[in-house]
Amino acid sequence: MQDFIVLYKRKRFVTDDMLNLITNIIQFLNEIDDILIGRHKKLPKNIFEDLVNFPLQHIVKYLFKQQFHRNFAEQQLQDIQSELKRIRRVIYIETLIFSLKQTLKPNEKEGIDSMQYLTKKPGPFTDQDRQKFDDLAQQFEYLNNLPGLGITENERIAIVSALNMKQGHWYICPNGHPYVITECGGANQESQCPDCRERIGGQNHRLLETNRHFGLLDDSRHAAWS
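Quick note on the working numbering: the sequence shown kicks off at 343 and runs consecutively.
Structure below.
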């Protein structure tokens, strides 16, 4: 029996490297499938084929060119993941551009141009590129479709004007839903977010640590009470 175990270890048909390779390929194919499902309906055919489908097919070919007896190197895995992250953001920005109906302000157009550049520039899509892109995307979403309110830029201006308060009275709950603190703008009582029931406000002019000032709504740099 012991001889059989030794023989089995020496003559394994599938090594650990081969199993890891198969596992990685399956995981990448599942992620590619997830990216493709329904995405072709959101973009014009030529943009989808050139910017999404073509690079994904290139990744698939690359996966199956790997020698079957050894797993991908760590750098190869990172490169594939980076490219998949880039393609996801290509879909985001191109879908956004295709669906935009309103005229953009100069700073909004600059943000979109920057996001496009990050997804199309030569070289690998680095973690720094991803962070810059995500920050720009979050800022654009706050300005054009505020979480919990679903309002446009013009509606944002109308709301701020209607309340007729100084800058710095707007805050957001842990889930990003905006709310306003009247009077001096300092948190003197706790309540619940009407959208998600999370705690909002604070005590003794101290905002809850899970909440934060929301300067994007009224263009304020800091809270009214700070």
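Idealized CB from N, CA, C, for every residue including glycine.
Please read all numbers here as calculations on a predicted model, not as lab measurements.
Check your understanding: With a Cβ-Cβ cutoff of 9 Å, do G543 and N530 count as a contact?
Key -> yes
Exercise for review: State the DSSP-derived secondary structure class of G527, mapped to helix, strand or coil.
Suggested key: coil
Exercise for review: Find out if the Cβ-Cβ distance for the pair I454, I435 is shorter than 9 Å.
Suggested key: yes
Review point. Quick one: what's Y459 bridged to in DSSP?
Key: The partner list for Y459 (beta bridge, DSSP) is empty, contrary to what the question assumes.
Practice item. Specify whether the stretch 554–563 and the stretch 511–523 touch according to this definition: at least 3 beta carbon pairs, one from each stretch, less than 8 Å apart. Key: yes
Review point. Around the C-beta of I364, are 16 or more other C-beta atoms found within 10 angstroms, so that it is buried, or is it exposed?
Key: exposed
Review point. What do you get for G527, buried or exposed, if any count of 16 or more other CB atoms within 10 angstroms of its CB means buried?
Key: buried
**Study point:** Coil, strand or helix - R541 by DSSP
**Key:** strand
Check your understanding: Under three-state DSSP, which class holds H400?
Key -> helix
Exercise for review: May I ask you to report which of helix, strand or coil DSSP gives I612?
Suggested key: Nothing about residue 612 can be read from this structure; the chain reaches only from 343 to 568.
Review point. When you compare only the Cα positions, how much space is there between Q458 and W567?
Key: 38 Å
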